[in-house]
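Take this note's numbering: the final residue in the sequence shown is number 832, and no numbers are missing along the way. We treat Cβ as the ideally placed atom computed from N, Cα and C, and that holds for glycine.
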Amino acid sequence: MCGIVGYIGPREAYPIVVEGLKRLEYRGYDSAGIALFDGTELKVAKTKGKVADLEDRASKEITRHGNVGIGHTRWATHGVPNDVNSHPHVSNSGELVIIHNGIIENYESLKQELITRGYSFQSDTDTEVLINLIEDVKKQENVKLGKAVQIALNQVIGAYAIAVFDKNKPEEVVVARLGSPLAIGIGENEDEFFIASDASPFIEYTKNAVYLEDEEMAVIRFHKGIKIRKIKDDSLVDTYVQELQINLEQIEKGGYDHFMLKEIHEQPKAITDTYRGRLLTNEAIIKMAGIEDNMKKFLNADRIIIVACGTSWHAGLVAEYIFENLARVPVEVEYASEFRYRNPVITEKDVLIAISQSGETADTLAAIKLAKSKGAFIFGVCNVVGSSIARESDAGAYTHAGPEIGVASTKAFTTQITVLTLIALRLARAKGTISSSDFRTHLLELEMIPKKVEKALQSDGLIQTISEVYKNASNFLYLGRGYNFPVALEGALKLKEISYIHAEGYPAAEMKHGPIALIDENMPIVVIATKKGHYEKVVSNIQEIKSRKGKIIGVVTEGDTQVKGLADHVIEVPETLELLSPLLTTIPLQLLSYHIAVMLDKNVDQPRNLAKSVTVE
């Protein structure tokens, strides 16, 4: 999740922009850069690495003076993290400079058109395409910068928050937004302006801010104020100035108490971002280049092997059910940490799917290398562009969840399941193992999942109440069947990770083969009992628990009455297709673990002994 910072006014811009970038470090990034105008020259310094590395480079390479500056922390999307791909990007003429959050989806076609017009490109980014498109429009149409930005943005497809500066017009900065947040801070005397992804970089300078809405742009002029227009129709928009009421720490977490809670609530957007451009319901197709380009490998595979660790392993278990049901292909799910130590049988007709949020998990990388040496085709599913797993894989798909700062994964799990579901559906369509009508039904239902996740999140207050009741329990048992057995495992893991309460996940039918001996009036049992699938069997399991005085927390489909009559507490989730239910049933389990940990005063975002990415074996 990139970060934008900018300043125009009477002060020195450099310290304001650099400190602002530091305030945005929580967002996650892999490179940083700054552009300053000293009254004569446009100075740019950028580097792979941290803001501290940028400061070191800037001290050596540029004069750090000037009253106009823009800065950026980049989280790679198009192009690997390196100095060249870092922002800001300068146009071919050297006159225009841009910073950009988001993705320009049609950048390749725009790039090819610009190449025919004589433009050249130094980076692999979509952003360099955008700044040259703006320059081309400015020259071809003979218009001012603001108009050129507007015309150019009407030609792009994707999401963006941008700040653009023309060294020939040093009194203004042009900003625009679609899908990525952008705030403008207004100085006390309205003679200086601050630009940022959120208010944290300028909270110490002003409490007054304007938040651009989607498809709005603003021309910010030193001493002349802000003019906001609609990008599509050029109509003027009233400037609504808000007074900021929150402190710096709250802003950094987007108003949430912890990054984990923020990320739980980001899941509707994260899932949407993951299937955006891939799930085309109107055309009844799934479009994924990594699958299309390697379809024969998948269709001719004897089996699919999924390797992963932790939460990603649980996502792989869900995928096993989905792939076998839809695409009718054998699937094995392996702990990456054990895979290479048992001399596994791997052939050239195997497809290995490696799942990792960070793309740097050491055990998963080792499993990839082993499978590769045996001739298997490697498909990576990860969140970090340019990561080791992305580079080692033959093909892959990014989850586009945005950086996940909380150590306990939440949106990584749901976005991984989303990607894997898309793959399974695409393979099923190619193999003819799903009818056209069922395929369309699955696409439509998957498209509705973000709204249903939003509804599931509305149970937060109820889950807080339940958490208060069971926060002092020594042990928890989580039960599920079918697609929701892995969700039970994931729910237990979340509770262990951040509250340090012992918890176990089991297939509900396995309860009678051991865990039932643990059940008494002090044992909370979380049972996932949605109406689709093995509902009656799970109800029987609940009755067995009740007869032994266990305390039951049921996760049920909206409107359920049977489990409600048996359970001590029920948490409802919206109804959906059985294979998509894990995307909903995991939500209350995430919230339950979060609230219990908070009530026990645990460090939710950085639990003891755990790292976000396990990069050593």
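Check whether residue i and residue j have beta carbons under 7 Å apart
i: Leu795; j: Gly706; result: no
i: Ile837; j: His784; result: As displayed, the chain neither begins before 216 nor continues past 832, which places residue 837 out of reach and without an answer.
i: Pro523; j: Ile561; result: For clarity, residue 523 is Ala in the given sequence; the question names Pro instead. No, they are not a contact pair.
i: Leu567; j: Ala591; result: yes
i: Ser306; j: Ile366; result: no
i: Thr288; j: Ala247; result: yes
i: Ile583; j: Ile570; result: no
i: Arg543; j: Thr648; result: yes
i: Ile603; j: Glu563; result: According to the sequence as given, residue 603 is Ser; it is not Ile. No.
i: Gln631; j: Thr614; result: yes
i: Thr625; j: Glu478; result: yes
i: Phe252; j: Lys422; result: no
i: Val434; j: Glu387; result: yes
i: Gly281; j: Ala228; result: yes
i: Ile314; j: Ala378; result: yes
i: Ile802; j: Ala627; result: no
Neighbourhood of residue i by C-beta, 6 Å cutoff - its chain only, sequence neighbours within 5 removed
i: Val220; result: Val232, Gly235, Leu236, Gly286, Ala411, Pro416
i: Ile318; result: Thr292, Gly373, Ala374
i: Ala812; result: Ile713, Ser714, Val819
i: Leu704; result: His529, Gly720
i: Glu607; result: Ile583
i: Ala414; result: Ala398, Ala424, Leu459, Ile466
i: Glu464; result: Because Glu464 sits at a pLDDT of 48, beneath the cut-off of 50, its placement in the model cannot be relied upon, and the point is left open.
Nearest-angstrom beta carbon gap, residue j and residue i [assumed within contact, 8 Å]
i: Tyr455; j: Leu637; result: Contact doesn't hold; Cβ gap of about 39 Å is too wide.
i: Arg763; j: Ile734; result: 5 Å
i: Ile786; j: Ile678; result: 6 Å
i: Glu660; j: Thr791; result: 6 Å
i: Ala157; j: Gly505; result: What is shown of the chain runs 216 to 832, which leaves residue 157 out entirely.
i: Val546; j: Phe554; result: So it is not a contact: roughly 14 Å between Cβ atoms.
i: Ala732; j: Leu694; result: The Cβ separation is near 15 Å, so there is no contact.
i: Lys761; j: Leu781; result: 6 Å
Close beta carbons around residue i, own chain, < 7 Å, minus the five adjacent residues each side
i: Leu476; result: Tyr809
i: Ser682; result: Leu807, His810, Ile811, Met814
i: Thr898; result: With the chain covering 216 to 832 only, the question about residue 898 has no answer from this structure.
i: Gly294; result: Asn300, Ser338, Asp339, Thr340
i: Asn369; result: Ile446, Lys447
i: Gln821; result: Val622
i: Lys667; result: Pro789, Thr791, Leu799
i: Ser308; result: Glu350
i: Thr579; result: Val522, Ala523, Cys524, Ala551, Ala569, Ser571, Ile604
i: Ala273; result: Ile249, Ala260, Arg279
i: Val753; result: Arg696, Ala723, Val742, Ala744
i: Glu430; result: Leu393, Lys445, Ile446, Lys447
Residue i - containing beta strand (DSSP E), residue span
i: Thr315; result: Checking the sequence, you will find His at residue 315 rather than Thr. Where His315 is concerned, the enclosing beta strand (DSSP E) stretches over 311-319.
i: Val389; result: 387-393
i: Ile620; result: Careful: Ile620 lies outside any beta strand (DSSP E) and carries neither H nor E.
i: Val259; result: 257-263
i: Ile520; result: 518-523
i: His287; result: 283-289
i: Ile377; result: 373-381
i: Leu795; result: Careful: Leu795 lies outside any beta strand (DSSP E) and carries neither H nor E.
i: Leu567; result: 565-571
i: Ala424; result: 423-426
i: Ser274; result: Segment 266-276 is the alpha helix (DSSP H) holding Ser274; no beta strand (DSSP E) there.
First and last residue of the uninterrupted alpha helix (DSSP H) at residue i
i: Arg493; result: No alpha helix (DSSP H) contains Arg493, which DSSP labels as neither H nor E.
i: Ile219; result: Unbroken run through Ile219 is the beta strand (DSSP E), 218-223; no alpha helix (DSSP H).
i: Phe554; result: 551-554
i: Gly706; result: 700-714
i: Glu478; result: 474-480
i: Ile231; result: 228-238
i: Asn737; result: Careful: Asn737 lies outside any alpha helix (DSSP H) and carries neither H nor E.
i: Ala605; result: 603-607
i: Gly361; result: 360-368
Residue i at chain B interface by Cβ criterion, 7 Å
i: Arg644; result: Although the question refers to chain B, the structure presented lacks it and comprises just one protein chain.
Cβ neighbours of residue i in the same chain (closer than 8 Å, five flanking residues each side left out)
i: His717; result: Ser689, Asn690, Phe691, Lys711
i: Val358; result: Val352, Ile366
i: Phe654; result: Ala499, Leu640, Ala643, Arg644
i: Asp298; result: Ser246, Lys261, Thr262, Lys263
Say whether the region 322-336 touches the region 392-401, bearing in mind that this needs 3 or more beta-carbon pairs closer than 8 Å, one atom from each stretch. Touching, no, given that fewer than three Cβ pairs across the two stretches are closer than 8 Å.
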